[in-house]
Amino acid sequence: MEFVPATSRLLAANRAAAAYYAAQLRRVGAAQRYLVERGIEAAAGSWWQPGYAPGGWTALLDRLTGLGFTPQELLSAGLARQARTGRLVDYLHHRVVFPIHDLRCNVIGFTGRDLSGRPDAPKYLNTPTTVVYHKAEALFGLGPLLARRRRRDRRPVRVVVVEGAADAIAVHRMAHDHAELLLPVALCGIVLTEQHLRLLTTALAGAPAPPLTLVLDGDEAGRQAFERWLPLLHGWPGAVETATLPDGSDPADLLVRLGPESALRTVLDRVRPAQLARLDRILDRLDPAVLDLWEPETRVRVWRAITPCFRADPRRGADLAALASARLGLPLADVMSGVVNEIA
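Letter 275 of the sequence shown, counting from 1, is numbered 274 in numbering that gives the first Met the number 0, and no numbers are missing.
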């Protein structure tokens, strides 16, 4: 049976790694430039604790074994891996790294962005699955944000789900003085899961369910992510919204280009109820301009395509019907009748 070190030792190793990476960041111009280019240079030295994994093969190993951690502990923590030669090497190297925390603010893993430019190096790389880190159950930013939420802060909460760590930090920087308390969290290289939603529910227990907003990159990957994630969110107890950014943009891009206030306004101006956004996409695929809506069979096909939006969010029925009426060029009463008949 493989020996697994105590959880406390794995957490201690990750904590020591985060401190080491943060110290390295101050010495490497390329890593600092990356933060500047993403508009998040203020995160350096803050509780976000971004860092830099050196380009050598054993820099972290040498440091942590010098602090008394064993090779097995570093393997089990996901901080080291076995190379093809059998030698132990650092798991992350030549990357800007962001620590991922649990709800108790323990460092449980890292997400790293490549700076080497090597074609064989994945752009983003996360800690592998360990006893303390499962990427399907971890959200970057959630633990520290909740820990630093002021008890007397009475602002309404909005959960903002983004794709990467830099985007979560960017949204947090944008929203410092916003009327809502935004809690930006990042998925870090994995699709949204039911475990993520349970984690959010646990973290926010005892308060009214806040709206959850998916902020997606304005590219085809972002559009596909919306389609994949939306079915999971039907059970979210609060409102579900989405904001699709301009093509080729992510929150960090907007922060750099527009500054905090204008960037936040650009994001929030694009927030829509998720089922309205879903209906728009369905109608785009149907292409109303070429539909012969005088044909009964065509109308039935349309009603079948759009009715799931009404089922998923009946409270938005009037808004959904108005959108469908406008896009299809049909009387509102016809849309309502068609959907009601389909539901029945």
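Note that the Cβ used here is the ideal one computed from N, Cα and C, for glycine as well.
Could you pull out every residue in the same chain whose Cβ sits closer than 6 Å to the Cβ of residue i, ignoring the five residues on either side in sequence?
i      : result
GLU294 : none
GLY142 : HIS100, ASP101, LEU102, CYS104
ASP113 : ARG94, ALA120, LYS122
PHE68  : ALA12
TYR33  : VAL95
ALA42  : PRO49, ILE168
SER115 : HIS93
Counting C-beta neighbours from all protein chains within 10 Å, is the total for residue i 16 or more, i.e. buried, or is it exposed?
i      : result
THR110 : buried
LEU292 : exposed
HIS171 : buried
TRP228 : buried
GLU296 : exposed
PRO183 : buried
THR382 : A question about residue 382 goes unanswered here, because the residues of the chain that appear run from 0 up to 343.
PRO207 : exposed
LEU66  : exposed
GLU219 : exposed
GLY50  : buried
GLY28  : exposed
ARG277 : buried
ASP152 : exposed
CYS328 : A small correction: the amino acid at residue 328 is Gly; Cys does not occupy that position in the sequence shown. Classification of GLY328: exposed, given that the 10 Å Cβ count is below 16.
ALA288 : exposed
ALA30  : buried
VAL299 : exposed
For my contact list, residue i and residue j are in at a C-beta cut-off of 8 Å; report their separation, rounded to the angstrom.
i      : j      : result
THR241 : ARG271 : 6 Å
LEU138 : VAL156 : Actually they do not touch by this definition, with Cβ atoms about 15 Å apart.
LEU257 : LEU215 : Contact doesn't hold; Cβ gap of about 18 Å is too wide.
GLY38  : ALA174 : That pair is no contact at about 13 Å.
LEU275 : ASP246 : Wrong, their Cβ atoms sit about 20 Å apart, outside the cutoff.
LEU145 : ALA202 : 6 Å
LEU398 : HIS177 : Because the chain is modelled from 0 through 343, residue 398 falls outside the range shown and cannot be assessed.
For residue i, collect the residues of the same chain with a Cβ closer than 7 Å to its Cβ; drop the 5 residues on either side in sequence, then sort them by chain order.
i      : result
LEU73  : ALA12, LEU60, LEU63, ALA79
HIS92  : ALA52, PRO53, GLY54, GLY55, TRP56
GLU341 : TRP302, ARG303, THR306
ASP333 : none
GLN48  : ALA17, ALA21, PRO98
LEU331 : ALA320, ALA321, SER324
GLN81  : LEU87
GLY77  : TYR90, GLY108, THR126, PRO127, THR129, TYR132
TYR19  : LEU59, ARG62
VAL239 : LEU211, LEU232, ALA273
ARG348 : The displayed coordinates of the chain run from 0 to 343. Any statement about residue 348 would go beyond what the structure contains.
Do you know whose CA, among the options, lies nearest residue i's CA?
i      : options                        : result
ALA185 : THR212, GLN81, THR201          : THR212
ALA165 : THR6, ARG86, ALA206, TYR123    : TYR123
ALA169 : ILE281, CYS308, LEU253, GLY77  : LEU253
PRO209 : ALA224, GLY188, GLY237, GLY221 : GLY237
VAL131 : ARG300, SER248, LEU10, ASP89   : LEU10
VAL338 : GLY328, GLY316, ARG326         : GLY316
ALA167 : ARG326, ARG154, LEU285, CYS187 : CYS187
ILE189 : VAL161, ALA178, HIS233         : VAL161
PHE344 : ALA273, ALA178, LEU267, ASP268 : Summary: the structure shown does not reach residue 344, with the chain confined to residues 0 through 343, and so no result is reported for it.
TRP46  : ARG14, LEU263, ARG32           : ARG14
ALA348 : LEU199, TRP235, VAL239         : Here the chain covers residues 0 to 343 and nothing more, so residue 348 does not appear.
PRO4   : SER336, GLU40, SER75, LEU24    : SER75
GLN23  : THR6, SER7, ARG8, GLY44        : GLY44
Since residue i is in the alpha helix (DSSP H), which residue starts that stretch and which ends it?
i      : result
ILE281 : 273-285
ARG157 : Note, ARG157: premise wrong, no alpha helix (DSSP H); beta strand (DSSP E) at 156-161.
GLN31  : 28-36
ASP333 : 331-342
ASP252 : 250-257
TYR90  : From DSSP, TYR90 is part of no alpha helix (DSSP H); its letter is neither H nor E.
VAL214 : Here VAL214 belongs to no alpha helix (DSSP H); instead the beta strand (DSSP E) covers 211-217.
PRO307 : 295-311
LEU63  : 58-65
ALA169 : 164-173
ARG147 : 141-147
SER75  : 70-75
SER324 : 316-327
Might you give, ordered along the chain, the residues of its own chain that have their beta carbon closer than 8 Å to the beta carbon of residue i, omitting 5 neighbours on each side?
i      : result
LEU231 : LEU191, THR192, GLU193, LEU196
ILE281 : ALA304, ILE305, CYS308
ARG269 : ALA242, THR243, LEU244
GLU36  : VAL255
Check for me: the beta strand (DSSP E) holding residue i runs from which residue to which?
i      : result
GLY188 : GLY188 -> no beta strand (DSSP E), and no H or E assigned at all.
ILE99  : 94-100
ALA52  : 50-52
ILE107 : 106-113
ASP246 : 239-246
TYR20  : Looking at the DSSP string, TYR20 is not in any beta strand (DSSP E); the run it does join, the alpha helix (DSSP H), is 6-24.
ARG80  : 79-81
LEU124 : 123-125
Compute every distance between the C-beta of residue i and the non-hydrogen atoms of the ligand ZN, then say whether any falls below 7 Å.
i     : result
ALA79 : Absence of the ligand ZN is noted for the structure shown, with no ligands found whatsoever.
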